[in-house]
Amino acid sequence: MTIEAIDYPRTPLAERKKGSGNLERTGWVFMRVSGVLLVILVFVHLYSNLIAGDGVHQIDYQFVVAEKFQFSFWLIWDGLMLVLAMIHGTNGLRTIVNDYVYKPGPRKALITTLWIACAVEIILGIIVLVAFGVNPCIHGADSVSVCAG
Numbered sequence: 031m032t033i034e035a036i037d038y039p040r041t042p043l044a045e046r047k048k049g050s051g052n053l054e055r056t057g058w059v060f061m062r063v064s065g066v067l068l069v070i071l072v073f074v075h076l077y078s079n080l081i082a083g084d085g086v087h088q089i090d091y092q093f094v095v096a097e098k099f100q101f102s103f104w105l106i107w108d109g110l111m112l113v114l115a116m117i118h119g120t121n122g123l124r125t126i127v128n129d130y131v132y133k134p135g136p137r138k139a140l141i142t143t144l145w146i147a148c149a150v151e152i153i154l155g156i157i158v159l160v161a162f163g164v165n166p167c168i169h170g171a172d173s174v175s176v177c178a179g
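Under the numbering used here, the first residue of the sequence shown carries the number 31, and numbering increases by one thereafter.
Structure follows, in structure tokens:
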């Protein structure tokens with residue numbers, strides 16, 4: 031079992047080995063930056079949905095899809111929150127797999143499965159956001175009176 035050492039963070043660029051730990055370092059930085067962004071995204075999301083206006087009583091299909099998602103700002107906000115949360119979580123799970131799965135074959139299979147699942151969930155989430163942003167009407171649903179006509 032070989033373990034690659036990550037250069038000390040303050041090692042001058044001229045002394046660093048090319049390609050040593052760059053992916054791990056990039057993942058580490060991404061986790062910090064995305065974590066801060068996610069805190070901001072989530073708290074604004076919670077405030078706008080649960081505190082502003084009528085509070086939790088306003089949350090229904092009409093509010094979320096027909097009113098909130100008619101503004102591109104909220105579609106982009108929720109899409110960014112979805113993408114960052116999925117990649118942040120998957121990168122965290124990748125780190126756990128790297129820590130506890132020692133055999134290269136199973137480790138690579140698990141990490142590949144994680145990233146494929148992440149990509150599928152991001153794609154499905156964006157499809158839902160775009161579909162509701164473009165056409166919020168539910169055709170044939172008698173209990174929901176969101177659409178005119």
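Glycine included, each C-beta is placed from N, C-alpha and C at the ideal position.
CB-CB length for residue i against residue j, believed under 8 Å
i, j, result
"I152", "M116", "5 Å"
"W107", "L71", "7 Å"
"H118", "S78", "Contact doesn't hold; Cβ gap of about 21 Å is too wide."
"L26", "V86", "Here the chain covers residues 31 to 179 and nothing more, so residue 26 does not appear."
Cβ-based burial, residue i [other Cβ within 10 Å; buried from 16]
i, result
"G179", "With a pLDDT of only 46 at G179, under 50, the local geometry of the prediction cannot be trusted, and the value read off the model is given with reservation. Exposed, by the Cβ-count rule."
"K138", "exposed"
"F99", "buried"
"V95", "buried"
Range of the contiguous alpha helix (DSSP H) that encloses residue i
i, result
"Y150", "Checking the sequence, you will find Val at residue 150 rather than Tyr. First-last of the alpha helix (DSSP H) with V150: P134 to V164."
Proximity below 8 Å, CB of residue i to CB of residue j
i, j, result
"L105", "G163", "yes"
"L144", "T120", "yes"
"L159", "G109", "yes"
"L68", "L114", "yes"
* In chain order, which continuous runs of the beta strand (DSSP E) of length 3 or greater are located wholly inside the segment 76-111? -> none
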